[in-house]
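Note sheet for the following structure.
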Amino acid sequence: MKDKKYFDLIFTVVDFGSGSKVIKTARKSGVSGGTIVLGNGTDDHRLLETLALDHVRKEIVIMVT
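Taking our numbering as reference, the numbering of the sequence shown is continuous, increasing by one, and the terminal residue is 145.
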């Protein structure tokens, strides 16, 4: 029987422009790298819509450890 390997899949949602910092910090802890995917955050709240803050750019950082 072959040895089993277990991995953790980590998703982190951060503000736009912060994904590289997350990966850089994770590399110091032994993570070999990651993938950054762009996303848009939305919230169905009238006040945010009035202030034009209802669409927020985010980055999703995906890492395997």
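Cβ coordinates follow ideal geometry from the N, Cα and C atoms, glycine included.
For this session: Determine the contact status of V102 and T92, defining contact as a CB-CB distance below 7 Å.
Result: In the sequence shown, counting from the first residue as 1, residue 102 sits at position 22. In the sequence shown, counting from the first residue as 1, residue 92 sits at position 12. Taking a C-beta distance under 7 Å as the contact criterion, V102 and T92 qualify as a contact pair.
Problem set entry | Under 7 Å between C-beta atoms of E139 and G99 | By one-based count along the sequence shown, residue 139 stands at place 59. By one-based count along the sequence shown, residue 99 stands at place 19. Here E139 is near G99, since their CB atoms are less than 7 Å apart.
Exercise. Going by the CB atoms, is the gap between T145 and D88 shorter than 7 Å?
Worked result: Stepping through the sequence shown from its first residue, residue 88 is reached at position 8. Stepping through the sequence shown from its first residue, residue 145 is reached at position 65. Their beta carbons are under 7 Å apart, which means D88 touches T145 by this criterion.
For this session: Determine the direct distance from the alpha carbon of D83 to that of H125, and round the result to whole angstroms.
Result: In the sequence shown, residue 125 corresponds to position 45, counting from 1. In the sequence shown, residue 83 corresponds to position 3, counting from 1. Straight-line measurement puts the Cα of D83 at about 50 Å from the Cα of H125.
Problem set entry | V117 burial status per 10 Å Cβ neighbour count (16 or more: buried) | Working through the sequence shown from its first residue, we reach residue 117 at position 37. Counting every other CB atom within 10 Å of its CB across the protein chains shown gives V117 a total below 16, marking it as exposed.
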